[in-house]
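Using UniProt numbering, the first residue of the sequence shown is number 1, and each one after it goes up by one.
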Amino acid sequence: MATRSVVLDTETTGMPVTDGHRIIEIGCVELIGRRLTGRHFHVYLQPDRESDEGAIGVHGITNEFLVGKPRFTEVADEFFEFIKGAQLIIHNAAFDVGFINNEFALMGQHDRADITQHCSILDTLMMARERHPGQRNSLDALCKRYGVDNSGRELHGALLDSEILADVYLTMTGGQTSLSLAGNASDGNGSGEGADNSATEIRRLPADRQPTRIIRASEDDLARHVARMEAIAKSAGAPALWVQLAEAEAQA
(Lines of atoms letter the chains of each structure in order from A and count residues from 1; the text may use other names and numbers.)
(Lines give C-alpha, C1' and ligand atoms only; values in the text may rest on other atoms or scores of the structure.)
Protein backbone atom coordinates (compact mmCIF):
# COMPACT_ATOMS: atom_id res chain seq x y z
CA MET A 1 0.00 0.00 0.00
CA ALA A 2 1.34 3.42 -0.98
CA THR A 3 2.56 5.67 1.83
CA ARG A 4 0.22 8.50 2.74
CA SER A 5 2.01 11.73 3.60
CA VAL A 6 0.69 15.15 4.58
CA VAL A 7 2.87 18.18 3.94
CA LEU A 8 1.99 20.67 6.67
CA ASP A 9 2.68 24.28 7.62
CA THR A 10 1.26 26.71 10.17
CA GLU A 11 1.33 30.45 10.77
CA THR A 12 1.10 31.84 14.29
CA THR A 13 0.60 35.02 16.26
CA GLY A 14 4.30 34.96 17.14
CA MET A 15 6.74 32.84 19.06
CA PRO A 16 7.50 31.02 21.27
CA VAL A 17 4.45 28.95 22.08
CA THR A 18 5.32 29.20 25.79
CA ASP A 19 4.47 32.93 25.64
CA GLY A 20 0.86 32.10 24.86
CA HIS A 21 1.08 32.42 21.08
CA ARG A 22 -1.50 30.59 18.99
CA ILE A 23 -1.99 29.14 15.51
CA ILE A 24 -3.81 31.41 13.05
CA GLU A 25 -3.49 29.36 9.85
CA ILE A 26 -3.04 25.69 8.98
CA GLY A 27 -2.28 24.45 5.48
CA CYS A 28 -1.85 20.82 4.42
CA VAL A 29 -1.59 18.96 1.12
CA GLU A 30 -1.82 15.19 0.69
CA LEU A 31 0.69 12.92 -1.03
CA ILE A 32 0.03 9.25 -1.73
CA GLY A 33 2.84 7.25 -3.27
CA ARG A 34 4.79 10.49 -3.95
CA ARG A 35 1.92 11.96 -5.94
CA LEU A 36 -0.17 14.98 -5.00
CA THR A 37 -3.77 13.85 -4.75
CA GLY A 38 -5.40 17.29 -4.85
CA ARG A 39 -6.81 16.84 -1.35
CA HIS A 40 -5.90 19.56 1.10
CA PHE A 41 -6.86 21.04 4.45
CA HIS A 42 -6.74 24.81 4.89
CA VAL A 43 -8.19 27.10 7.52
CA TYR A 44 -7.64 30.51 9.13
CA LEU A 45 -8.24 30.62 12.88
CA GLN A 46 -9.35 33.19 15.44
CA PRO A 47 -6.63 33.01 18.12
CA ASP A 48 -8.35 35.16 20.80
CA ARG A 49 -5.24 37.32 21.04
CA GLU A 50 -3.43 39.79 18.83
CA SER A 51 -0.50 38.87 16.63
CA ASP A 52 2.91 40.43 17.15
CA GLU A 53 3.84 43.09 14.62
CA GLY A 54 6.90 41.06 13.64
CA ALA A 55 4.74 38.01 12.89
CA ILE A 56 2.33 40.08 10.78
CA GLY A 57 5.32 41.34 8.84
CA VAL A 58 6.19 37.73 7.99
CA HIS A 59 2.78 36.31 7.04
CA GLY A 60 0.68 39.45 6.43
CA ILE A 61 -2.35 38.09 8.30
CA THR A 62 -3.82 40.99 10.26
CA ASN A 63 -5.82 40.84 13.46
CA GLU A 64 -8.78 42.40 11.63
CA PHE A 65 -8.73 39.66 8.98
CA LEU A 66 -9.08 36.95 11.64
CA VAL A 67 -12.22 38.43 13.23
CA GLY A 68 -15.07 35.97 12.74
CA LYS A 69 -12.83 33.08 11.70
CA PRO A 70 -13.40 29.71 13.44
CA ARG A 71 -11.49 28.79 16.57
CA PHE A 72 -9.28 25.72 16.69
CA THR A 73 -11.89 23.87 18.76
CA GLU A 74 -14.30 24.11 15.82
CA VAL A 75 -11.94 22.47 13.32
CA ALA A 76 -9.91 20.19 15.61
CA ASP A 77 -11.72 16.96 14.75
CA GLU A 78 -11.60 17.55 10.99
CA PHE A 79 -7.93 18.50 11.17
CA PHE A 80 -7.03 15.48 13.29
CA GLU A 81 -8.82 13.10 10.93
CA PHE A 82 -6.91 14.61 7.99
CA ILE A 83 -3.47 14.04 9.54
CA LYS A 84 -4.12 10.87 11.59
CA GLY A 85 -1.91 7.96 10.57
CA ALA A 86 0.02 9.98 7.99
CA GLN A 87 3.68 10.81 7.69
CA LEU A 88 3.81 14.55 8.39
CA ILE A 89 6.38 16.38 6.26
CA ILE A 90 7.24 19.70 7.93
CA HIS A 91 10.05 22.24 7.57
CA ASN A 92 11.35 22.91 11.10
CA ALA A 93 8.93 20.39 12.55
CA ALA A 94 9.59 21.19 16.21
CA PHE A 95 7.97 24.61 15.76
CA ASP A 96 4.74 23.43 14.12
CA VAL A 97 4.39 20.27 16.19
CA GLY A 98 4.81 22.27 19.40
CA PHE A 99 2.02 24.65 18.42
CA ILE A 100 -0.32 21.86 17.29
CA ASN A 101 0.23 19.92 20.51
CA ASN A 102 -0.46 23.08 22.48
CA GLU A 103 -3.78 23.69 20.71
CA PHE A 104 -5.02 20.19 21.55
CA ALA A 105 -3.75 20.54 25.13
CA LEU A 106 -5.66 23.81 25.57
CA MET A 107 -8.81 21.93 24.58
CA GLY A 108 -8.11 19.30 27.22
CA GLN A 109 -7.66 16.65 24.52
CA HIS A 110 -4.55 15.18 26.07
CA ASP A 111 -4.81 12.00 23.99
CA ARG A 112 -4.12 14.20 20.96
CA ALA A 113 -1.66 16.57 22.63
CA ASP A 114 1.30 14.60 21.27
CA ILE A 115 0.67 14.09 17.58
CA THR A 116 3.80 11.97 17.28
CA GLN A 117 1.67 9.23 18.87
CA HIS A 118 -0.65 9.37 15.86
CA CYS A 119 1.67 10.41 13.01
CA SER A 120 5.28 9.97 12.01
CA ILE A 121 7.28 13.16 11.48
CA LEU A 122 9.79 13.94 8.72
CA ASP A 123 11.61 17.25 9.23
CA THR A 124 12.86 18.59 5.89
CA LEU A 125 15.01 21.18 7.67
CA MET A 126 16.96 18.42 9.42
CA MET A 127 17.16 16.51 6.14
CA ALA A 128 18.48 19.59 4.32
CA ARG A 129 21.07 20.28 7.02
CA GLU A 130 22.39 16.73 6.67
CA ARG A 131 22.62 17.03 2.89
CA HIS A 132 23.90 20.60 2.77
CA PRO A 133 25.90 21.26 5.95
CA GLY A 134 26.99 24.84 6.50
CA GLN A 135 24.61 26.21 3.86
CA ARG A 136 21.37 28.17 4.16
CA ASN A 137 18.48 25.71 4.32
CA SER A 138 15.42 27.94 4.62
CA LEU A 139 12.51 27.03 2.36
CA ASP A 140 13.39 29.90 0.01
CA ALA A 141 17.03 28.76 -0.12
CA LEU A 142 15.96 25.20 -0.95
CA CYS A 143 13.64 26.46 -3.68
CA LYS A 144 16.57 28.25 -5.29
CA ARG A 145 18.88 25.26 -4.85
CA TYR A 146 16.44 22.76 -6.34
CA GLY A 147 14.82 24.99 -8.95
CA VAL A 148 11.36 25.01 -7.38
CA ASP A 149 9.21 27.96 -8.44
CA ASN A 150 8.33 30.13 -5.43
CA SER A 151 7.65 33.32 -7.35
CA GLY A 152 4.24 33.65 -5.69
CA ARG A 153 5.74 33.65 -2.19
CA GLU A 154 6.03 37.33 -1.31
CA LEU A 155 4.71 36.56 2.19
CA HIS A 156 4.55 33.32 4.13
CA GLY A 157 1.25 31.46 3.89
CA ALA A 158 0.54 28.02 5.31
CA LEU A 159 -1.17 26.49 2.26
CA LEU A 160 1.20 28.04 -0.28
CA ASP A 161 4.23 27.03 1.79
CA SER A 162 2.99 23.45 2.14
CA GLU A 163 2.53 23.22 -1.63
CA ILE A 164 6.03 24.60 -2.22
CA LEU A 165 7.48 22.30 0.43
CA ALA A 166 5.85 19.31 -1.28
CA ASP A 167 7.72 20.17 -4.48
CA VAL A 168 10.98 20.69 -2.57
CA TYR A 169 10.60 17.38 -0.72
CA LEU A 170 9.84 15.42 -3.88
CA THR A 171 12.86 16.96 -5.59
CA MET A 172 15.18 16.41 -2.62
CA THR A 173 14.25 12.75 -2.39
CA GLY A 174 13.75 11.98 -6.06
CA GLY A 175 17.35 11.87 -7.30
CA GLN A 176 18.35 13.80 -10.41
CA THR A 177 16.61 17.17 -10.67
CA SER A 178 17.74 18.35 -14.11
CA LEU A 179 18.99 17.09 -17.46
CA SER A 180 22.02 19.00 -18.69
CA LEU A 181 22.64 18.06 -22.33
CA ALA A 182 24.48 21.20 -23.39
CA GLY A 183 27.59 19.19 -24.24
CA ASN A 184 29.99 21.71 -22.70
CA ALA A 185 30.65 19.78 -19.48
CA SER A 186 33.99 18.07 -19.19
CA ASP A 187 32.97 15.18 -16.96
CA GLY A 188 29.68 14.01 -18.43
CA ASN A 189 27.75 15.11 -15.31
CA GLY A 190 27.17 18.71 -16.26
CA SER A 191 29.79 19.87 -13.80
CA GLY A 192 32.57 20.95 -16.14
CA GLU A 193 33.69 24.52 -16.69
CA GLY A 194 30.96 26.59 -18.26
CA ALA A 195 28.28 24.03 -17.49
CA ASP A 196 24.85 25.20 -16.32
CA ASN A 197 24.27 23.46 -12.99
CA SER A 198 20.95 25.12 -12.17
CA ALA A 199 18.07 22.71 -11.75
CA THR A 200 15.11 22.83 -14.08
CA GLU A 201 12.07 24.54 -12.55
CA ILE A 202 9.34 22.20 -11.38
CA ARG A 203 5.98 23.02 -12.93
CA ARG A 204 3.07 21.01 -11.60
CA LEU A 205 0.89 19.63 -14.39
CA PRO A 206 -2.89 19.73 -13.95
CA ALA A 207 -4.45 16.44 -12.89
CA ASP A 208 -7.05 16.67 -15.71
CA ARG A 209 -4.49 17.19 -18.48
CA GLN A 210 -4.89 15.31 -21.77
CA PRO A 211 -2.99 12.01 -21.55
CA THR A 212 0.09 11.82 -23.74
CA ARG A 213 -0.44 9.76 -26.88
CA ILE A 214 1.61 6.56 -26.98
CA ILE A 215 2.92 5.70 -30.46
CA ARG A 216 4.17 2.13 -30.71
CA ALA A 217 6.62 0.86 -33.33
CA SER A 218 5.02 -1.02 -36.21
CA GLU A 219 6.27 -4.36 -37.53
CA ASP A 220 7.89 -2.49 -40.42
CA ASP A 221 9.62 -0.09 -37.99
CA LEU A 222 11.00 -3.01 -35.99
CA ALA A 223 12.25 -4.75 -39.14
CA ARG A 224 14.00 -1.57 -40.30
CA HIS A 225 15.57 -1.21 -36.84
CA VAL A 226 16.96 -4.75 -36.93
CA ALA A 227 18.33 -4.21 -40.43
CA ARG A 228 19.99 -0.97 -39.37
CA MET A 229 21.58 -2.57 -36.30
CA GLU A 230 22.91 -5.41 -38.44
CA ALA A 231 24.44 -2.91 -40.86
CA ILE A 232 26.13 -1.03 -37.98
CA ALA A 233 27.47 -4.28 -36.51
CA LYS A 234 28.91 -5.31 -39.90
CA SER A 235 30.57 -1.92 -40.35
CA ALA A 236 31.96 -1.82 -36.78
CA GLY A 237 33.03 -5.45 -36.75
CA ALA A 238 30.95 -6.18 -33.61
CA PRO A 239 27.40 -5.72 -32.34
CA ALA A 240 26.51 -2.61 -30.31
CA LEU A 241 27.42 -2.82 -26.63
CA TRP A 242 23.81 -2.97 -25.44
CA VAL A 243 23.15 -5.82 -27.87
CA GLN A 244 26.13 -7.70 -26.43
CA LEU A 245 24.86 -7.11 -22.89
CA ALA A 246 21.37 -8.29 -23.81
CA GLU A 247 22.77 -11.46 -25.41
CA ALA A 248 24.96 -12.10 -22.33
CA GLU A 249 21.96 -11.75 -20.00
CA ALA A 250 19.90 -14.08 -22.19
CA GLN A 251 22.61 -16.73 -21.99
CA ALA A 252 23.15 -16.33 -18.22
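We treat Cβ as the ideally placed atom computed from N, Cα and C, and that holds for glycine.
Note that the structure is predicted; figures quoted are calculated from it, not measured.
**Asked** Run through DSSP, which three-state label would R39 get?
**Response** Mapped onto the sequence shown, residue 39 falls at position 39. In the structure shown, R39 sits in a strand (DSSP, three-state: E or B).
**Asked** Among all the DSSP beta bridges, which residues are the ones paired with T10?
**Response** Reading the sequence shown from its first residue, position 10 is the one you call residue 10. Paired residues: I26.
**Item:** Run of the beta strand (DSSP E) containing D167, from where it starts to where it stops
**Value:** Translated into the one-based positions of the sequence shown, residue 167 becomes position 167. First-last for D167: A158 to M172, but that is the alpha helix (DSSP H), not the beta strand (DSSP E).
**Prompt:** Should V67 be labelled buried (16 or more other beta-carbon atoms within 10 Å of its own) or exposed?
**Reply:** If you number the sequence shown from 1, residue 67 lands on position 67. The residue is exposed, with fewer than 16 neighbouring Cβ atoms inside 10 Å.
**Request:** Could you check if F79 is buried or exposed, using at least 16 other CB atoms within 10 Å of its CB as the buried criterion?
**Result:** Start at 1 with the first residue of the sequence shown, and residue 79 comes out as number 79. So F79 counts as buried.
**Span of the beta strand (DSSP E) around Q87** = Working through the sequence shown from its first residue, we reach residue 87 at position 87. Element bounds for Q87: Q87 to I90.
**Message:** Going by DSSP, what residue range makes up the beta strand (DSSP E) through D123?
**Reply:** Position 123 of the sequence shown holds residue 123. Start and end: S120 to D123.
**Request:** Check the DSSP bridge columns for R4 and list the partner residues they point to.
**Result:** Here residue 4 corresponds to residue number 4 of the sequence shown, with the count starting at 1. Note: R4 sits in a beta bridge opposite I32.
**Request:** Would you identify the three-state DSSP class for V148, choosing helix, strand or coil?
**Result:** Stepping through the sequence shown from its first residue, residue 148 is reached at position 148. Here DSSP, grouped into helix, strand and coil, assigns V148 to strand.
**Prompt:** Should L241 go down as buried or exposed, given a rule of 16 or more other Cβ atoms within 10 Å for buried?
**Reply:** The residue labelled residue 241 in the question sits at position 241 within the sequence shown. That one is exposed.
**Asked** Would I24 pass as a contact of I61 if the rule is Cβ separation under 8 Å?
**Response** Translated into positions along the sequence shown, residue 24 becomes position 24. Translated into positions along the sequence shown, residue 61 becomes position 61. Yes, the Cβ-Cβ distance between I24 and I61 is below 8 Å.
**Request:** Could you say if the stretch 140–152 and the stretch 5–18 meet the contact criterion of at least three C-beta pairs nearer than 8 Å?
**Result:** no
**Message:** So, for I56: in the same chain, excluding its five sequence neighbours on each side, which residues have a beta-carbon less than 7 Å away from its beta-carbon?
**Reply:** If you number the sequence shown from 1, residue 56 lands on position 56. Result list for I56: T62, in chain order.
**Message:** Is it buried or exposed, D48, if we count other Cβ atoms within 10 angstroms and call 16 or more buried?
**Reply:** Reading the sequence shown from its first residue, position 48 is the one you call residue 48. Classification for D48: exposed.
**Message:** My assumption, with CB atoms under 8 Å, is that A94 sits in contact with A105. Please give the rounded CB distance.
**Reply:** By 1-based counting over the sequence shown, the position of residue 94 is 94. By 1-based counting over the sequence shown, the position of residue 105 is 105. A94 to A105, Cβ: 16 Å. No contact.
**Request:** Could you tell me which of P211, G174 and V243 sits nearest to residue 253, measuring between CA atoms?
**Result:** Residue 253 lies beyond the range of the chain shown here (1 to 252); nothing can be said about it.
**Item:** Chain-order list of residues whose beta-carbon lies under 8 Å from that of Q176 (same chain, five-residue window excluded)
**Value:** Your numbering for residue 176 matches position 176 in the sequence shown. Low per-residue confidence applies at Q176: pLDDT is 46, beneath 50, and the placement is therefore not dependable enough to give any value.
**Prompt:** Candidates N102, I215, L36 and R213: which alpha carbon is nearest T10's?
**Reply:** For the purposes of this step, residue 10 is taken as the residue at position 10 of the sequence shown. Answer by Cα proximity: N102.
**Prompt:** Do the stretch 37–46 and the stretch 115–127 touch if we need at least three Cβ pairs shorter than 8 Å?
**Reply:** No, the stretch 37–46 does not touch the stretch 115–127.
**Sub-8 Å separation of L36 and A158 beta-carbons** = The count along the sequence shown starts at 1 and reaches residue 36 at position 36. The count along the sequence shown starts at 1 and reaches residue 158 at position 158. No. Outside cutoff.
**Asked** Under the rule that 16 or more other beta-carbon atoms within 10 Å means buried, what is A238, buried or exposed?
**Response** Translated into the one-based positions of the sequence shown, residue 238 becomes position 238. Flag for A238 reads exposed.
**Item:** K234 - DSSP class collapsed to helix/strand/coil
**Value:** The residue you call residue 234 lines up with position 234 of the sequence shown. The answer is helix: DSSP assigns K234 an H, G or I state.
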